[in-house]
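The next block holds one structure in the form of C-alpha cells; read it before the comments.
2 protein chains.
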Amino acid sequence: MPPPRIRNRRATINDVAAAAGLSRGTVSRVVNGERYVSDGAKTAVEDAIARVGYVRNSAARNLVTRESRAIALIIHEPHSLLFEDPNIGSILLGANAVLSKADYQLVSLIIDSDRDSRRVADYLRGGLVDGAVIVSARASDPIASAVRDIGVPSAFVGHPPGTPDLPYVAIDNKGAARTITERLAGTGRQRIGMIASAMDRDSGYDRFTGFRDALGARFDASLVVEYPLYTYAAGIEGMQELLRRCPEIDGIFAASDAVAAGAMTVLQESGRRVPDDVGIVGFDDSSWALRTRPQLSTVKQPADSLGRTAAELVLAQIRGLPSVAQVLDTTVVWRDSA
Amino acid sequence: MPPPRIRNRRATINDVAAAAGLSRGTVSRVVNGERYVSDGAKTAVEDAIARVGYVRNSAARNLVTRESRAIALIIHEPHSLLFEDPNIGSILLGANAVLSKADYQLVSLIIDSDRDSRRVADYLRGGLVDGAVIVSARASDPIASAVRDIGVPSAFVGHPPGTPDLPYVAIDNKGAARTITERLAGTGRQRIGMIASAMDRDSGYDRFTGFRDALGARFDASLVVEYPLYTYAAGIEGMQELLRRCPEIDGIFAASDAVAAGAMTVLQESGRRVPDDVGIVGFDDSSWALRTRPQLSTVKQPADSLGRTAAELVLAQIRGLPSVAQVLDTTVVWRDSA
DNA sequence: ATATTCTCTGTGAACGCTCCCAGAGTAACC
DNA sequence: GGTTACTCTGGGAGCGTTCACAGAGAATAT
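Here it is in C-alpha cells:
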C-alpha cells in the first residue's frame, strides 16, 4: 500500500479549514466574501490561508458554478494586418476596460491557421469563457458559424455577411464613405478614383459602395483599384496603378489611412502636390493620419467604442437582457490633404 | 418536492454512455483517443455524441488532470504603445505558432490598470494556464514578482532588471546599439546624438549604454534626449530639442524605428537632407523602416523568434527539461538613411 | 492442456470546490 | 415565556471528468 500521494499538493480549502479549526463551508464563505461569518472566524481563516499558502482552484470552482468570468476576444486577422491595423489595439483596450470594470477577464485568442480555428472553437465549447467578442471575421468565416452553433453569448465587431442573427456593433461604412467622398468632390475635383481594400469584408465593400453612390453618374469604374488588405503597400501599388491608368487623376479616396499614406508617398514622389494637384482622403483617423505631410482628411472611426460596445452586448446577454445590434456614429475630420 | 433540475443541462459523458449503451469509461477512452476500444464501441460512441450533442466540459477535465493546455501571454504595455509597437504582433504570432504546434492554446491577457494586474495574477494562480510568457514587463513590475511567487512555468521576453532568476529571451541591445553607432560614426559624422526612450526597460537602457560605449571619448551627454516611450511623437519632440541644442548635429541614433521616423520628419521639414546633411539610424527593422524616404538603416530584431523561443522555454519547463536564458542575434540592415 | 499476454469494458474513487439544508445559539417581538 | 427571526457553523451531495484497478474473454506461447 503506497502512500496516498507523493506529489507536493497545493493547499486546498480543506487544508485551510483544518489549519483554522473550522469547516470547509466557513472557509468558502470567507473566500467569497459572503455574509454570516463571525469576525473571529474570518480572521482565523485569513490567517490560515496565509499560513498554508492557499489559492483557489478555478477549475473546481468553474465546474460547480458553471461560469468562468472570462470573455474571449477572437482576433482573426491575416498575419500582416496584426501589425498595421491600429484599430485592433483600440478595440481590445476598449473591450478590456468594460470587462475589467465588470470583473471579467478578457482573454484574447488569435486565429492564424485552420488548426487554431478548431482549437479556439474547442476552447469556447469547453466552457472556459462565458462569452465572446469576434473581431473582423470575414464572410463565411468558420469561427462565425462555430460561435453560433456553440450558443455562447457573443457579439461581432463589424457585420460579416452571412451571420444576420447575431448581435454586432459596427459603423456605417457606406454612409461615412459617401459623406467624405462628397466632400472631396466638393473641393472641385474632376477625376476621382478609389483604392479599395478588403472587399470580402463588410467594411471594405461598404466603403466602396458608398464611394460609388456618392459619385453617381460621375463614377468611373476604371478609376477603382482593389487590394486584399488595408496596407501601406496596397496604397503604394494602387496609386502607381491609378497614375498609370489616368495621370490626370485629381482625387483619391483610400479605403484606410494606411492605404492613403502609401498613396501619398507615391503622389509626392511623382512630383504631384497634395492637396494642390491631387486631393486625398482616408478612413479610420488612426495615428497614420497625423504622420503624413500634409495631414490626412479622414473619417474618424470610434474603435475604442466599438470594443466597449461589443463587450457590453456580451455582458447584456449573459445577464439575460436583450441585446441588439448597434451602429455607431463616425465623423469626418477635415485636415489638409484635401 | 420540485423536480431535481429544470435548467436544460448540457449533455454529459453519462448521457453519451446511456445513449450508446456503454459505460462512462469507454466514452472517455473514445473521446481521448486512447487504445483498447473496439471498432463497434467507437462508432457507437461517436454516434451517440452526435445525437446528444455532447461537448466535453473543460473545467471538469482540468480539475482532474491538473492541467489546462493553455499558456498565457501577458502584455503589459502603456496604452498607446499597443498601437505603435510592431514587435508585439510578431512576438504574439511567433509564440502562437510554436504553441499551436504543441497543441496548446495561447491566451493573451492585457494589463492596462492595477485592477487588471491583480485579476491577471488571480487568473494565473487559479490554474487556468500551465505557463506564461511575459512581454515587456518593466523594472519592478508587480506582475513579474507575482509570476515568480506563483511558480508557474514562465519566460520573459526581454530581461527586466530585478528578476534575475527567471528564464528570459532577449537580444543584445547593448551590443547591437554599439555596432550600429560605430557604423554611423564610420560614415564620417562628427556630432552624433541619440533620442533615447524607455530607459526604465532593459531595451531602452541598454541601447543607450551601447551608444555611449561606442562613442567613447566623443560621447556628448548634451546630445542625448530621453523620452518615456518608443513613439513617433517622441521622435518629433526629441529631434526638435536636439536641433535647438545643436543645429550642426549630423548623426542621430534613434531608439526605435518609430522614433527615427518622427525625427526624420522634423529633419526634412527643417530643410536638412538625409543622409547628406544628417545620417540617422533606427532600431527594430519594423515596417516603419520601409516607409520613410530614404529608407532607414536599422537593427533587425528577430521579434518572431523572440516569441517562438519564449514559448519553447515555457514548454521545456512544463516538460521538466532545463530551460536557460537565451540571447538572440541581431543584424544591421544598412539602407539609405545613413 | 495450461500459463501468459493482450484486448476490451465497467466501476469506484478521487479532483476541489459551491450549494443547500439542518441545527445550534442568540436576539427580538408580543 | 413562547413564538419568530436572524446569525453563524458543519457537513452531505453533487458538478463532469479521468484514473486505476478488476475482471472477462480471446489470442498466443510453453
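These protein sequence lines are chains W and S, in that order. First residue of the first sequence? That's 45 in our numbering, and the numbers climb one at a time after it. First residue of the second sequence? That's 45 in our numbering, and the numbers climb one at a time after it. Beta carbons: idealized from backbone N, C-alpha and C, even for Gly.
Note down, in chain order, every chain S residue with its Cβ under 7 Å from the Cβ of S102 of chain W. Locating residue 102 of chain W in the first sequence gives position 58, where the first residue counts as 1. The contacting residues are G170, G171, L172.
Through-space distance from L359 of chain W to S330 of chain S, alpha-carbon basis: The count along the second sequence starts at 1 and reaches residue 330 of chain S at position 286. The count along the first sequence starts at 1 and reaches residue 359 of chain W at position 315. Approximately 37 Å between the Cα atoms of the pair.
Can you tell me the Cβ-Cβ gap for D174 of chain W and I115 of chain W, rounded? I've got them flagged as a contact below 8 Å. Within the first sequence, residue 174 of chain W is the residue found at index 130, counting from 1. Within the first sequence, residue 115 of chain W is the residue found at index 71, counting from 1. At roughly 6 Å, the Cβ-Cβ gap stays under 8 Å, so D174 of chain W and I115 of chain W are in contact.
CB contact below 8 Å: Q149 of chain S versus chain W: Within the second sequence, residue 149 of chain S is the residue found at index 105, counting from 1. Closer than 8 Å to some Cβ of chain W, the Cβ of Q149 of chain S qualifies, so yes.
Between the Cα of I215 of chain W and the Cα atoms of W:R95, W:R79, W:D246, which residue gives the shortest distance? Indexing the first sequence from 1 puts residue 215 of chain W at position 171. If we check each option's Cα against that of I215 of chain W, W:D246 comes out closest.
Give me the chain S residues within the contact set of V213 of chain W, using Cβ-Cβ distance strictly less than 9 Å, ordered along the chain. For the purposes of this step, residue 213 of chain W is taken as residue 169 along the first sequence, with counting starting at 1. Here the premise fails: no neighbours, minimum Cβ distance about 20 Å.
In this structure, does DSSP put T336 of chain S in helix, strand or coil? Residue mapping note: residue 336 of chain S aligns to position 292 of the second sequence, counting from 1. Reduced to three states, the DSSP call for T336 of chain S is coil.
Against chain S, does T56 of chain W count as a neighbour if the rule is that its beta carbon must be under 8 Å from one of theirs? Here residue 56 of chain W refers to the residue found at position 12 when the first sequence is read from its first residue. Answer no: the Cβ-Cβ gap between T56 of chain W and chain S never drops below 8 Å.
When you check each C-beta in the region 78–106 of chain W against every C-beta of chain S, which residues fall closer than 9 Å? The residues in question are V99, R100, N101, S102, A103, A104, R105, N106.
Count the other C-beta atoms from every protein chain shown that fall within 10 angstroms of the C-beta of Q345 of chain S, then say buried if there are 16 or more, exposed otherwise. Reading the second sequence from its first residue, position 301 is the one you call residue 345 of chain S. Burial call: buried.
Should W332 of chain W go down as buried or exposed, given a rule of 16 or more other Cβ atoms within 10 Å for buried? By 1-based counting over the first sequence, the position of residue 332 of chain W is 288. Burial call: buried.
Do you know whose CA, among W:M308, W:D301, W:R262, W:D264, lies nearest M283 of chain W's CA? Looking up residue 283 of chain W in the first sequence gives position 239. Checked all of W:M308, W:D301, W:R262, W:D264; the closest Cα to M283 of chain W is W:M308.
Cutoff 8 Å: L153 of chain W Cβ touching any chain S Cβ: Residue 153 of chain W sits at position 109 when you count from the first residue of the first sequence. Closer than 8 Å to some Cβ of chain S, the Cβ of L153 of chain W qualifies, so yes.
Does N140 of chain W have its Cβ less than 8 Å from a Cβ in chain S? Counting from 1 along the first sequence, the entry for residue 140 of chain W is found at position 96. Taking Cβ atoms only, chain S reaches closer than 8 Å to N140 of chain W, which makes this a yes.
Below-8 Å beta-carbon distance, R335 of chain S vs any chain W residue: For this step, residue 335 of chain S is matched to residue 291 along the second sequence. Taking Cβ atoms only, chain W reaches closer than 8 Å to R335 of chain S, which makes this a yes.
Which of the three DSSP states, helix, strand or coil, is assigned to Q284 of chain S? Within the second sequence, the letter at position 240 stands for residue 284 of chain S. Of the three classes helix, strand and coil, the one that applies to Q284 of chain S here is helix, per DSSP.
Run through DSSP, which three-state label would Q370 of chain W get? Position 326 of the first sequence holds residue 370 of chain W. Of the three classes helix, strand and coil, the one that applies to Q370 of chain W here is strand, per DSSP.
Does DSSP put M308 of chain S in a helix, a strand or coil? Position 264 of the second sequence, counted from the first residue, corresponds to residue 308 of chain S. If DSSP states are grouped into helix, strand and coil, M308 of chain S belongs with the helices.
The region 237–245 of chain S touching the region 257–270 of chain S, judged by at least three CB pairs closer than 8 Å: yes
At 9 Å on the CB atoms, spell out the chain S contacts of Y276 of chain W, in chain order. Indexing the first sequence from 1 puts residue 276 of chain W at position 232. Those within 9 Å of Y276 of chain W in chain S are S331, L334, R335.
Considering only the beta carbon of each residue, do F297 of chain S and L340 of chain S sit closer than 8 Å? Stepping through the second sequence from its first residue, residue 297 of chain S is reached at position 253. Stepping through the second sequence from its first residue, residue 340 of chain S is reached at position 296. No, these two residues do not count as a Cβ contact at 8 Å.
What are the boundary residues of the beta strand (DSSP E) that includes A381 of chain S? On the second sequence, position 337 is the one that residue 381 of chain S refers to. With the sequence shown as reference, residue 381 of chain S is identified as Ser, and Ala is not the correct amino acid for it. Neither: S381 of chain S is in no beta strand (DSSP E) and is coded neither H nor E.
Pop quiz: V322 of chain W and D301 of chain W are said to be a contact at Cβ under 8 Å. What is the actual Cβ separation, rounded to whole angstroms? Position 278 of the first sequence holds residue 322 of chain W. Position 257 of the first sequence holds residue 301 of chain W. V322 of chain W to D301 of chain W, Cβ: 16 Å. No contact.
So, helix, strand or coil for E226 of chain W, using DSSP? Position 182 of the first sequence, counted from the start, is the residue given in the question as residue 226 of chain W. E226 of chain W falls in the helix class under three-state DSSP.
Since R159 of chain W meets chain S, which of its residues come closer than 7 Å, beta carbon to beta carbon? Here residue 159 of chain W corresponds to residue number 115 of the first sequence, with the count starting at 1. Taking the beta carbon of R159 of chain W as reference, the chain S residues within 7 Å of it are S144, listed in sequence order.
By a C-beta neighbour count over all protein chains shown, 10 Å radius and 16 as the cutoff for buried, is H120 of chain S buried or exposed? By 1-based counting over the second sequence, the position of residue 120 of chain S is 76. Classification for H120 of chain S: buried.
Any beta-carbon of chain W closer than 8 Å to the one on H123 of chain S? Start at 1 with the first residue of the second sequence, and residue 123 of chain S comes out as number 79. At least one chain W Cβ lies under 8 Å of H123 of chain S.
Quick check: the region 193–212 of chain S against the region 220–234 of chain S, are there 3 or more CB pairs under 8 Å? no
Quick test of your reading: F327 of chain S and A299 of chain S, contact by CB under 8 Å. State the CB separation rounded to the nearest angstrom. Mapped onto the second sequence, residue 327 of chain S falls at position 283. Mapped onto the second sequence, residue 299 of chain S falls at position 255. With 8 Å as the limit, F327 of chain S and A299 of chain S qualify as a contact, their Cβ atoms being about 6 Å apart.
Would P211 of chain W be called buried (16 or more neighbouring beta carbons within 10 Å of its own) or exposed? Locating residue 211 of chain W in the first sequence gives position 167, where the first residue counts as 1. Answer is buried; the Cβ neighbour count reaches 16.
Taking the alpha-carbon positions, what's the D160 of chain S to G170 of chain S distance? For the purposes of this step, residue 160 of chain S is identified with residue 116 of the second sequence, where counting begins at 1. For the purposes of this step, residue 170 of chain S is identified with residue 126 of the second sequence, where counting begins at 1. The straight-line gap from Cα to Cα measures roughly 15 Å.
Buried or exposed (CB count within 10 angstroms, at least 16 for buried), Y276 of chain W: For this step, residue 276 of chain W is matched to residue 232 along the first sequence. Buried, by the Cβ-count rule.
Pairwise C-alpha distance: S157 of chain W and P48 of chain W: Working through the first sequence from its first residue, we reach residue 48 of chain W at position 4. Working through the first sequence from its first residue, we reach residue 157 of chain W at position 113. Confidence at P48 of chain W is low in this model, with a pLDDT of 34, below 50, so the placement of that residue should be treated as unreliable; the coordinate-derived value is given next. Going by the C-alpha atoms only, they are around 43 Å apart.
Taking only beta-carbon atoms, is I50 of chain S less than 8 Å away from chain W? As a working note, residue 50 of chain S is residue 6 in the second sequence. With a pLDDT of only 35 at I50 of chain S, under 50, the local geometry of the prediction cannot be trusted, and the value read off the model is given with reservation. I50 of chain S has a beta carbon lying at 8 Å or more from every beta carbon in chain W.
Considering only DSSP beta bridges, list what Y212 of chain S is partnered with. Residue mapping note: residue 212 of chain S aligns to position 168 of the second sequence, counting from 1. Partner(s): S:F200.
Cβ-Cβ separation, A347 of chain W to V213 of chain W (assumed contact under 8 Å), whole Å: If you number the first sequence from 1, residue 213 of chain W lands on position 169. If you number the first sequence from 1, residue 347 of chain W lands on position 303. Between A347 of chain W and V213 of chain W the Cβ distance is about 11 Å, and since that is not below 8 Å, they are no contact.
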